[in-house]
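Peer 1: Have a look at this one before I ask anything.
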Amino acid sequence: CAKHSETCKNGNCCTCTQYRGKDEPMACRRGTHGQRCQCVMKIMKH
67 CAKHSETCKN GNCCTCTQYR GKDEPMACRR GTHGQRCQCV MKIMKH
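Quick look at the structure:
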């Protein structure tokens, strides 16, 4: 599967650990370099 900020197509994104503790698929968002997988509300590690 495609990791965060990698090119995505047809929902091939990896899952992403959400702040509620569930794994959910990443959103496929169109950006300046084409469509990329993006974690929505991903857990930030300091």
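Each residue of the sequence shown is one higher than the last, beginning at 67 in my numbering.
Ideal Cβ placement from N, Cα and C applies to all residues, glycine included.
1) So, with DSSP's three-state summary, where would you put Thr83?
2) Tell me which same chain residues have a C-beta within less than 6 Å of the C-beta of Val106, skipping the five on either side of it?
3) For Glu72, write down the residues that DSSP places opposite it in a beta bridge.
4) With distances taken between CB atoms, is the gap from Cys67 to Arg102 smaller than 9 Å?
Peer 2: Here's the rundown:
1) Position 17 of the sequence shown, counted from the first residue, corresponds to residue 83. In this structure, Thr83 counts as strand in the three-state DSSP scheme.
2) Counting from 1 along the sequence shown, the entry for residue 106 is found at position 40. Taken in chain order, the residues that qualify are Ala93.
3) Here residue 72 refers to the residue found at position 6 when the sequence shown is read from its first residue. Its beta-bridge partners do not exist; DSSP assigns none.
4) As a first step, residue 67 must be located in the sequence shown, where it is residue number 1. As a first step, residue 102 must be located in the sequence shown, where it is residue number 36. No, these two residues do not count as a Cβ contact at 9 Å.
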